[in-house]
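Everything on this sheet refers to the single structure shown next.
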Amino acid sequence: MSMLVFTSEEALHLALTSGLVPAEVQAAPARYHRTPDGALHVLPEVMPAKDVLAHLASLGVQVTRSRAMEATPVLCWAELVTARRVPLESAPTGPVLFLPPSADALLPLAGEMLRLGCDRQEVCFAQASGESGQRALLRAMAPPYFTLTSALDASGPLRAFVPAVPGQHAVWVEVGYTHPLARTLHAPAGTLLLVRGEGPWLTAPDGPWTDLYQHTDLRLPATGEDWTPAPPPGRLTVPLRLTRAARTEPASLWVLREDALAQVESLVHTVPEPLLAQLRFAVTGPPEAPCIVLRARAGRERPPELGLSGMAYAPLPQLADLFLPCDGLLEPPVRRDRLRALLVPQADTVTWLHPTGDGGFRAERLPESAFQPLDTWVDYVVDADADALMPWVRSASFDFAAFEAAEGEWQSAARAMQSDEEDDRSPRATRRSRREAPAPPVTPASPPPIVAVRVAQPAPTGVRLAPLTPAQSSAVEEELSSLEKSFLALEVPADSPQRQELWTRMAELNGRLGRKRDASLCWTRALWSASDTEATELARRWSDSENEGGATPAERMASPAPTGDDVRGVASSLVRAVRVPGAPAPVDVAALQRWLDRHDAELDVRALWLTRTALDTLAGGDALGLARAGDRLLEMLQRGLSLARDVPRFLRGGTDSAHAPRVLAQLEALLERFEHTPRRRSSIEAAPALTLAYVRYVFAVGLARLGQADRARPLASAAAEAVDAKEAIHGFLSRAYGARVAQALEGQPPETPLPSDIAAELNALGTFQRYKVDRLRQASALLEPSERLDPARAFGRGARDLRGEEFAALRDVKDPAQVAARVEALTGRATDATLPAEERQRIIGGLLDTLPRVAPARALPLLNRLVSSMEALPGEAQAVMLGDALTLAALFGRADHAMTLAARLRKVLTALAPTSPAWGQGILGVSLRGLRRVGLSREAAELVDAAQERLTGPKTPLTARLGVAAGLAMQGRTAEAVDVFDAAFESLGAAKGGLPERLALMRSLASALAHAPVELALPGLARISEGLPIITDSYNTNSHFCLSVVELADALVLGHVEVAQGTGARARSWLDEDEFLVRRRIHRELEERT
Amino acid sequence: MSSHPAISELTFDALSSEAHGLRERLNRFRLALGRHFVGKQTLVDLMTVAAVAQEPLLLVGPPGTAKSDLVLKFRDALRIPNEDYFEYLLTRFTEPSEVLGPIDINLLRQGRYIRREGGKLPTARLVFLDEVFKASSAILNALLTVINERKFYQDGAPQPVKLKVLFAATNELPEHAELGALKDRFCLKAACRPVQDRYFLELLDSGLDSQTHREMNQKPWAEGHATLDDVLKAHRYLTLMMGKRETGPDGRELRDRDLFFRDDLLREFRRVVQTLTREDGVFISDRKLVKLYRLLRTRAWIFHGGAVERQDLQLLSYLGETREEIDLLEEKVPRLLGLS
């Protein structure tokens, strides 16, 4: 009998992997002997053929006659190759097979795992061959690490195994070891092959497996007891009582019952006029002894101290139109809705609880309309002027209606006062109206009411890229166009089978039209959600389509400058090699990986991921490579899908092409309006040409975002010529706007940071220059879309960056590793429990702005730490930060985190006063977009509903209500938003408030309208622009431009851009869903494979 | 009069004859002392183990959770005289001289920088440092040397300190890296938690009793079951025992672990350490591992006089480095060991 002598284990390994030893010989048992010098003497049970032996001999393998020696039997030749030890980084998340030393040891093992929370266990009992007694195997999913440590102890009796190839359950390798040939091994059907790290390999029957619980009797400590429901013994009566609170709230309502008129008279004689303007009054009771109710307007400022001798009341925090005595407390605390039903049953009434002693009280109420501004009741006169005295005397005599009291409630006899304010005001002209010039600024004619209109989806048009005969092109294009139309009209989820079919067909048609890139985008979308069997077929067709008539993958890889077609061709072949059985696999996986590392920027995110997972499969598991690819992809997705790279042409830009001409025409008209409308100017304003230059920049960025390169570039050039680029402020702004135009034309997302050289210029500006630049950055969302600025505070502190010097310095750091390290250090500081709240708020705010610069894998734990340290911060700050955190969680694709954050944000928002300035900071908008990005539409709707409920009161600032309206419009609930739009227009028309407030309102309105259907949005935006003639300011930015004008232009242009990009339409919502699908699969596969 | 020089000279045989009595006294001591607290028996036990093993112990907890009271009563119960005890509440303004002793002015005039250490930390055998992490860097540096090498520097020359038992307390565990070294010196860190939720009435009763005792200047907890000398003798006995080598029946040299740490429990010890290191990132240095062995052996000897048993491994619950880790491990270790 012949014996083969291999000089070393490496030689044997090579002979096995190179196929020198035929498969049937390798698979048969053998015996071997290892000599002290490492040579292996192998006595095969199946002897190789003579020619094979000759070949082996020619390669240095000695073939000798067998000698008597002690030889160890092996199951197959692969067992001759020694397994290598590898460290176990963490507990496997898949199945693990445990082999206890005996069946008796199974119970403690299973018990330990059950105790530690692992109950997915199956057991298999078998009679051991050649040994007495029963053996047992235990298969557990994701066993605890603690249990695995027992198997890792080489001196211990327990062994554990993991599948040699993830997904198959026949060949298992001992935990803590790897075997170089494990992937090539096959076990006979119904048998498990256990590859041990040291010692002979084992085989065991594969089943029957039974669930552990089938062998487990769970015993309760005591027998159960069935309870029978019984009716309640009766209703519980709980009297509500007014008790004394520990603290006294500031009064904002006073009920004057005695000497009411005298008290008010005294008040108006002594109180300053601005304070008086904060008060409203209502009169009730009999004319001979009137009762006067005074009420302070709700606002940010503390109500005035009036020192009246009447009863003073403060509003209940959760019910703003119910007033309690300032030191009163309602016991027991009752839910808001119960309280409202009990005490404020009618809307638009003001109710106060008049104490009647011993905790009793009587609810008294007046209609909201009974209250009038107190200053309308007062005329200031000069004593000497007898003529002027008369009106005052007259004005002090009231026409009281009869006072009625019924069932403890005051029915205001002054219900007549419900008549509109004009009636009340007319006989007693107000001080203000008489003092001011009677002619108000030109107010636009009353506009027609806004009506919500459903927008029809237009048919997108395609561009022909490849030559086809006219008849063919026409038919193919027509079909494609019709499919695209159907796609947009579908009301089904992004991964529904209907869409799958459409993707496949659109892929074919794009291919026939020669639009290879679009075809590839359609194929990868079809592949993305396909089942395994479908995927095989789709992978084959995609590869055929990419490589039709083209070069082979090897030729493509050999090209010195591979094109996008080449890279896609190689990628599709690679996916096919993994998916399609029998498809040619690449020979040199490592070379292919290196080639893709250099060129895969040509691929869209889906193709890139499919390629990387295919490489992982081919390489037999490359967890590190895949994790890196995952990080890279998630980084690419940080600002969403790239329209240019990842989205088929017909979905780009939003993409309601039917409305694009209308939007562009209106934008052009708007620019003309800005150029030619004469407007009020402050005496200190710089030359109008300078302001106009910035207006042009704004329009240029907007038009660039809409892909209008031929309009955007000349506008930007004209603007650049009008400003002096050598001057620091003009220079920076000109370069920044120019960069924004270039970025937009390159299709980069709006949130892309300014190029680092320009951003770094900011730090070089002097404090005052920086202040002016920051004012414009704050006012122009097109210039600075993401950073929240407060230039006035920054200037006051002399800070380069309001968030702190650390963040200003961070702006200069370009190395991502350094950024990550600094961000980590700052997170440590921010989460230090001893840090004062204000400082923590500052650092967390800055970090939330900076975290997108850090890789998601490092950023997410930091984000969690930051979020948990926000709890002690004030509600307003928390709301803003939670909104930002939610956006970040969505950017990182973490639906679980986003869901938790949304719940927390909802809670914080619900506790926020409707008057809180936080509402005006766009929290709702960013949060909703984030939630939709990770597919949480239900949570988005709940958030809108919560905000809507909170912001229904009449005193809610319009900007806050517009935030809700934008959310409603975003969800297609435009009809519910229309009232708010109307109210905003009405407020603008009435010129209420100062110019800054009106500008803020215009911006909020434009932003909210942008989410509404085009028929509503465009006329609305046009209407806002009618305010232009009166826009001016006297800020010190007037040395360079009129800030308010540029701000108005920015709000309007941004509104138009959003409308044109269909951001209010179905396509945008679809893109969010699409991004969610991409993120979901990447996260799932990363978890499964790494 | 202190008898510790004599203790350091006692032989193993001499101590062996006393060992049983020592153990009995120490057990009576810890159980009796535990009765004067509500829900703190575990901490009293831990303090006893730490004292016998001469390992510093850090008590972590919010104010008013009896951290100081535990140490004070521990001291009274062992009847430690004033000259052997030093306690100090550290703040960031505490001067080194308040802890280590003031500079001797007369000697300074002669050009020598010598501290008068009488009544301060260098002369005490039981030391309690409250709010230890609030100390200034000068004190922290001195403490590192004191804990590590049991010495401090007088005029540049090292001088031994008498410190045997060190207890420290803190409201919170700092995360600053510069305090990491000192934190690491405390092998065991135990949380001192409020007990009112669980023992409301008992707490009131005990608190009122305690207040009365204080006002009457009574110390019923000083029952005299054991003395500091007993603690020191137990330490010496165990040290000598752990260093012994015996010859087994097969002629093989048997080490301490062969006699007092069963293989299966050593394996469990190792598994818990591996799991805490890998899953929870708990850092256990090589030095700390050896200390843990000594602590486990000490606990086993005090509690049942012989080999280490499974419940002794619960000591690994006190390896947490942060407040979160302390809470986590106190729940996790017993669960891993199946003792919860």
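Listed in order, the protein sequences are those of chains A and B.
If you're matching positions, the first sequence starts at 147 in our numbering and goes up one per residue.
If you're matching positions, the second sequence starts at 5 in our numbering and goes up one per residue.
All C-beta atoms in this analysis are idealised placements derived from N, C-alpha and C, irrespective of residue type, glycine included.
These figures come from a predicted structure and were not determined experimentally.
Nearest candidate by alpha-carbon position, reference residue i, set the options
i	options	result
A/Val91	A/Ile1228, A/Asp1220 and A/Val1224	This structure cannot settle anything about residue 91 of chain A, because the visible part of chain A is limited to 147 through 1236.
A/Ser1185	A/Arg827, A/Arg661, A/Leu422 and A/Ala487	A/Arg827
A/Ala516	A/Gly1140, A/Leu440 and A/Ala487	A/Leu440
B/Pro178	B/Lys187, B/Arg240, B/Gly211 and B/Tyr157	B/Lys187
B/Glu91	B/Arg129, B/Glu59, B/Ala81 and B/Arg116	B/Arg129
A/Phe1127	A/Ala1154, A/Ala1136, A/Pro1103 and A/Ala335	A/Ala1154
A/Asp936	A/Leu1077, A/Gly991 and A/Thr763	A/Gly991
A/Leu221	A/Ala157, A/Pro334 and A/Arg266	A/Pro334
A/Glu692	A/Leu667, A/Ala676 and A/Ala707	A/Leu667
A/Glu970	A/Gln987, A/Ala983, A/Leu993 and A/Pro982	A/Leu993
A/Pro962	A/Leu997, A/Arg387 and A/Arg1107	A/Leu997
A/Thr1105	A/Arg1144, A/Val480 and A/Ala1092	A/Arg1144
Cut-off 6 Å between Cβ atoms - residues of its own chain near residue i, not counting five sequence neighbours on either side
i	result
B/Gly255	none
A/Pro901	Ala885
A/Asp792	Asp750 and Val751
A/Ala229	Tyr323, His325 and Gly343
A/Trp741	Met703
A/Leu1034	Leu997 and Leu1009
Residues that residue i contacts on chain A, provided the C-beta gap is smaller than 7 Å
i	result
B/Thr279	Tyr291, Phe292 and Thr295
Partners in chain B for residue i, counting only beta-carbon separations shorter than 7 Å
i	result
A/Glu1258	Here chain A comprises residues numbered 147 to 1236, so residue 1258 of chain A is not present and cannot be evaluated.
A/Glu985	Within 7 Å Cβ-Cβ: nothing; A/Glu985 doesn't reach chain B, min ~16 Å.
A/Gly302	Arg271
Other residues of its chain near residue i: CB distance less than 7 Å, five sequence neighbours each side excluded
i	result
A/Leu836	Ala868, Val869, His1186 and Phe1187
B/Ile330	Val64, Lys193, Ala195 and Gly324
A/Gln644	Leu636 and Val638
A/Arg1011	Thr973 and Thr977
B/Lys77	Leu37, His40 and Trp225
A/Pro354	Cys270
Spatial neighbours of residue i in its chain, beta-carbon cut-off 8 Å, leaving aside the 5 residues before and after
i	result
A/Arg281	Leu245, Ser248, Ala249, Phe271, Ala272, Gln273, Ala274 and Ala350
B/Phe264	Arg301, Ala304, Gly310, Ala311 and Val312
A/Leu262	Pro290, Phe292 and Thr293
Chain-ordered chain B contacts of residue i [CB-CB under 8 Å]
i	result
A/Ala979	Glu176
A/Gly974	Glu179
A/Asp299	Arg271, Arg274 and Arg275
A/Glu258	Gly342
Within chain A, the residues that residue i reaches when beta carbons sit closer than 9 Å
i	result
B/Glu283	Ser236, Ala237, Pro290, Tyr291 and Phe292
B/Arg259	The premise fails here: B/Arg259 is roughly 16 Å from chain A at the closest Cβ pair, so nothing lies under 9 Å.
Interface residues of chain A facing residue i [CB-CB closer than 8 Å]
i	result
B/Leu340	Leu262 and Phe292
Residue i - DSSP class collapsed to helix/strand/coil
i	result
A/Val242	strand
A/Asp1220	helix
B/Tyr92	strand
A/Cys270	strand
A/Arg481	coil
A/Ser148	strand
B/Gly342	coil
Would you list, in sequence order, the uninterrupted beta strand (DSSP E) runs of no fewer than 3 residues that lie entirely inside the segment 430-472 of chain A? 437-442, 457-462 and 465-471
Just to confirm the assignment: which complete alpha helix (DSSP H) runs, minimum length 4, are found wholly within the segment 193-273 of chain B? 204-219, 232-247 and 260-264
Whole runs of the alpha helix (DSSP H) within the segment 1032-1118 of chain A, excluding any shorter than 4 residues: 1041-1057, 1069-1079, 1083-1096 and 1104-1116
4 or more residues per run - each alpha helix (DSSP H) lying fully within the segment 948-984 of chain A: 951-958 and 962-976
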